[in-house]
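Reading through the structure tokens given below for one structure.
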């Protein structure tokens, strides 16, 4: 009977060690997830600031368009015969309208990226490479550099996850 008690005791010790190992593993994973969450919250904050900046830029561009419309109207009233000036103002207005559309598109893109990062901590490679492709197509240098920074952070996270 003492041998079966010893075996039972040894088995209990092994089970306790196994539970302790599993607990350490779970604590490590929990810590990693908390760190990822903190990092995602930081990224989210940065994206919110970028969205704010883009919204301000859109408002500024819309204000410029309104000013140009007023100038255009005043110019037509004062110098109706000066067609060259009228065409120049219209070209500027068209250019600004294009810039606003571009900023709105970039704002929408930032919102989608913001939503994407907020919704997930693990990035699907296909979505990641789509983000890289979209970044290559963007003409705005500030937005492009911001997205390149986000891509680099994602790559760094993936590397750190792979090393863990």
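In this note's numbering, the protein residues as written are 20 to 183. Using N, Cα and C, we set each Cβ at its ideal position, and we do this for glycine too. None of the values given here were measured: they were computed from a predicted structure.
The C-beta distance from residue 119 to residue 84 rounds to 7 Å, short enough to meet the 8 Å contact threshold. A direct Cα-Cα distance of roughly 21 Å separates residue 73 from residue 87. One Cα belongs to residue 123, the other to residue 89, and the distance between them is close to 23 Å.
Ranked by how close their Cα comes to the Cα of residue 71, the residues 126, 179 and 175 have 126 in first place. Contact between residue 176 and residue 49 does not hold, since the beta-carbon distance rounds to 17 Å and is not under 8 Å. The C-beta distance from residue 115 to residue 80 rounds to 6 Å, short enough to fall under 8 Å. Only buried fits residue 132, as 16 or more other CB atoms lie within 10 angstroms of its CB.
Setting aside the 5 residues that flank it on each side, residue 174 has no residue in the same chain whose C-beta is closer than 8 Å to its C-beta. A straight line joining the alpha-carbon of residue 43 with that of residue 36 spans about 10 Å.
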